[in-house]
Structure formats: C-alpha cells, structure tokens
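If you count by the working numbering, then the sequence shown holds residues 29 to 242, one letter each, in order. Yeah, the Cβ is synthetic: ideal placement off N, Cα and C, and Gly gets one too. As the structure is a prediction and not an experimental result, all values here were calculated from the model. Below is one structure, written out as structure tokens; comments come after it.
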Amino acid sequence: MSSEKSHFDEILATTRSVRRRIDFERAIEEDVLLECIDLAVQAPTGAGAESWRFVVVTDIEKKVAMAELYRRAFDNYLAQRDADEAATTERDAMSPNYRFLADHLQDFPALVLVCREGRPPEHVPAQLAFYGSVLPAAWSLMIALRARGLGSTWTTLISAFETEAAAVLEIPTGVTATVLLPVGHMKGAVLRRAERRPAREVTFWNGWGEQNGS
C-alpha cells in the first residue's frame, strides 16, 4: 500500500466526533475554513446542482443563542429517551459527552451550519435525492477539518428548532438546515479507529442475507 493511500485511509478511519479535546481559546483562520469548504463542495451532488450553503458562526452572541437552542433540543431529546427504559444503558453511556457538547457549544471557536437551498419533498425517493446532494459535502468538510488538525462533531439536534435558528442567523425561508459542525483546533485528542463490525458481516452479495460473493 502506498504511503499516500495509507495516510488517506487513516484519515477516513479516524475521523471521529471531537467534543472535549478542543482548544476553546484558539481561533480558526478564515482561510483554513474556506479551504476546507472548497474541498467539501467537490462532493457528489444530484444533477450538478450546487445548492449547498455554509453558515459559519463566530460571533459570540450568535453562538450563545445557537447554544441555548441546542440545549433545549438536547434536553427534549433526553426527556424522550427517559421514557424508553430499553434505551437506559445506551443513554447513560452517551450522556456525559453529549452533555458536555450541549454545555460548551458556545465555546467552540466556530460553528458551521450546513444548509441546502429548498425544502425536502414529500416522497422518499425525492427526499433521498434532496439530502444526498448536501450530506456528502458535510462529511467531506468533516474529513477536511480532521486532516488539518481541527476537531468537529456531526450533530443534527439543532434542526428541532430550525425556525428559531434561522431567525438567529437570518437564514431565508426556503432554506433547509441539515448538519451543525462545532469546530475547533484539537488539543490532546487521540483519534483511533472505532470498533466496528467487519465488512463481511454487514455486506450482502446479489441479494439480502447472502454473504458469499464467490
């Protein structure tokens, strides 16, 4: 395996959500963020439409307002999960990291809200095309940030208060907010490959359930 391929594979395999190990005091250069977004917009998009838009939030008052909305969404999310006893173990394991993010969202040097012009259609095939033309760009952005020593977290909870967030950021009607990426320089973060089921266990050949490709 070439060193270039090995390095690229390692970036893909170790792009993790970074919530705690962030240097909240270190600003991010505008040119670095724009460089990452330039890479993000090379992602696939349906019919060649460049309908993605990126709202970068660095103003402290607007970050605080977004964080307040995020905490409301997070608290509502936990309340819903509290009603599901079967989810208790999973909730207890995830809560500290998510709580930290909710409590410190305003401290991240930048928040990047990935949007798409238009509203999601009613039918599933059209919805897949709609989100399929923006979410690859959000993931590419997260990878580009990771490659430059910037940590981020993929979160969609803010969509629970999309209208209120749109008012804070002056986003016009008819634009859909998708993923929020809180971004900052990593500080002592050690990013490793996650424990995942191997490809052979989750891949079927020529029909559901067939795990033999030969």
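Query, Result
"Which of helix, strand or coil DSSP assigns to G212", "strand"
"Identified DSSP bridge partners for E145", "V203"
"Three-pair Cβ contact test at 8 Å for the stretch 158-166 versus the stretch 213-223", "no"
"Cα-Cα separation, C64 to P137", "16 Å"
"8 Å CB neighbourhood of T181 in its chain, flanking five on each side removed", "S45, V46, R47, L129, L209 and P210"
"CA nearest to the CA of V60, picked from T191, A172 and E192", "A172"
"Strand pairing of S45, partner residues [DSSP]", "S180"
"Sub-8 Å separation of G212 and G235 beta-carbons", "no"
"Top-ranked residue by Cα proximity to V85, from V230, L197 and G146", "L197"
"Helix, strand or coil at R220 [DSSP, three-state]", "coil"
"Reference I199; option with closest CA among W80, E96 and S123", "W80"
"Top-ranked residue by Cα proximity to I88, from A101, R100 and D135", "D135"
"Same chain only: Cβ atoms within 7 Å of L67, ignoring 5 sequence neighbours per side", "S168 and A172"
"Reduced DSSP category for I56 - H, G, I as helix; E, B as strand; rest coil", "coil"
"CB contact flag (Y98, L156, <8 Å)", "no"
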